[in-house]
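Each position in the sequence shown, counted from 1, maps to that position plus 295 in the working numbering.
Quick reminder that beta carbons are idealized off the backbone N, C-alpha and C, glycines included.
All of these numbers come straight from a predicted model, not from anything done at the bench.
This report concerns only the one structure given below.
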Amino acid sequence: MAAVSEVQAILEQIRKVRQIRQYRPESVPEDIVQQLLEIARWTGSSRNTQPWHFIVVDDREILRQLSQLRPPINWLAGAPLGIAIVLNGQSEISEAYDEGRVTERLLIAAKLLGLGGGVAWYGDEAQEAEAKRILGIPPERTARSIVAIGYPLSARDPRPTPVSGGRKPLAELVSYNRYGQRRS
Ligand SMILES: Cc1cc2nc3c(=O)[nH]c(=O)nc-3n(C[C@H](O)[C@H](O)[C@H](O)COP(=O)(O)O)c2cc1C
């Protein structure tokens, strides 16, 4: 069991996981890629269906092609690695939930390993179809996103229309016992 101070330090790292869109050029070492895949593999899923397949994309030309799908993911061209998530395409809602869980684990693991990660959604139906073509994914599978991974250069949002960081205060987000009820 880790010491209390170590646990606090890890929790603080998890709290500070951010979407990283700008990366240093270095490749991600193979042992780290394997660790990330192990973390992904052990993610819990609905009825333990493990409805995923992971495509490790370290070919920069493929990342560049994906980055061209729409402007909000242009930054993907600068990532050294992506892990594309492919889902079975059998249960839309539970697979979307499972995809979110595995994505967040990848982002947290990347941060704890000294890297950073960022989610890139391919976009609408036509853009998803194009992503499947680029990645050779059968049409009946679901493919919505790729998680970019690399050594972070900055947490800045370089997109033409950046979204603001920060978070809502807990007072706006939390009720006690019944919806809308404040703590007396
Ligand atoms: C479902 C989902 C889809 C996302 N798609 C994109 C995307 O296509 N491009 C992008 O730059 N960021 C994308 N993001 C990242 C969000 O913009 C980011 O999580 C949010 O702005 C908070 O960032 P921060 O933690 O750095 O403050 C996506 C996040 C989620 C959860």
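Residue 403: CB within 7 Å of a non-hydrogen atom of ligand 1: Here residue 403 is taken as the residue at index 108 of the sequence shown, counted from 1. Shortest gap from the CB of residue 403 to any heavy atom of ligand 1: 7 Å or more.
Spatial neighbours of residue 382 in its chain, beta-carbon cut-off 7 Å, leaving aside the 5 residues before and after: Your numbering for residue 382 matches position 87 in the sequence shown. So the qualifying residues of the chain are 346, 347, 390, 394, 436, 437.
Distance cut-off 7 Å: residue 347 Cβ against heavy atoms of ligand 2: Because ligand 2 does not appear in the structure shown, any question about it cannot be addressed here, the ligands present being ligand 1.
Identity of the residues DSSP links to residue 318 by a beta bridge: Numbered from its first residue, the sequence shown carries residue 318 at position 23. DSSP output for residue 318 lists 447 as bridge partner(s).
Residue 297 in three-state terms, based on DSSP: One-based indexing of the sequence shown puts residue 297 at position 2. Three-state result, residue 297: coil.
Candidates 368, 421, 398, 319, of which the one nearest residue 349 by Cα: As a working note, residue 349 is residue 54 in the sequence shown. Checking every option, the nearest Cα to that of residue 349 belongs to 398.
Continuous alpha helix (DSSP H) assignments of at least 4 residues falling wholly in the stretch 397-442: 420-430
Beta carbon of residue 315 nearer than 8 Å to that of residue 450: As a first step, residue 315 is located in the sequence shown; it is residue number 20 there, counting from the start. As a first step, residue 450 is located in the sequence shown; it is residue number 155 there, counting from the start. Against a cut-off of 8 Å, the Cβ pair of residue 450 and residue 315 comes out as a contact.
Buried/exposed call for residue 392, threshold 16 Cβ in 10 Å: Walking along the sequence shown from the start, residue 392 turns up at place 97. Exposed, since its Cβ has fewer than 16 Cβ neighbours within 10 Å.
Cα-Cα separation between residue 372 and residue 442, rounded to whole angstroms: Position 77 of the sequence shown holds residue 372. Position 147 of the sequence shown holds residue 442. C-alpha separation (whole angstroms): 13 Å.
Boundaries (first-last residue) of the beta strand (DSSP E) holding residue 376: Position 81 of the sequence shown, counted from the start, is the residue given in the question as residue 376. Unbroken beta strand (DSSP E) run through residue 376: 376-382.
Residues near residue 414 by beta carbon distance below 7 Å, same chain, minus five either side: For this step, residue 414 is matched to residue 119 along the sequence shown. Same-chain partners within the cutoff: 314, 398, 440, 442.
Among 361, 405, 341, 459, nearest to residue 422 - alpha-carbon criterion: Within the sequence shown, residue 422 is the residue found at index 127, counting from 1. Distances from the alpha-carbon of residue 422 to those of 361, 405, 341, 459 put 361 closest.
DSSP bridge partner residues for residue 347 (one or two, in chain order): Here residue 347 is taken as the residue at index 52 of the sequence shown, counted from 1. DSSP lists 382 as partners of residue 347.
Residue 378 beta carbon less than 8 Å from that of residue 401: As a first step, residue 401 must be located in the sequence shown, where it is residue number 106. As a first step, residue 378 must be located in the sequence shown, where it is residue number 83. Yes, these two residues count as a Cβ contact at 8 Å.
Cβ-heavy atom distance, residue 414 to ligand 1, below 7 Å: Counted from its first residue, the sequence shown places residue 414 at position 119. Residue 414: yes, Cβ under 7 Å from ligand 1.
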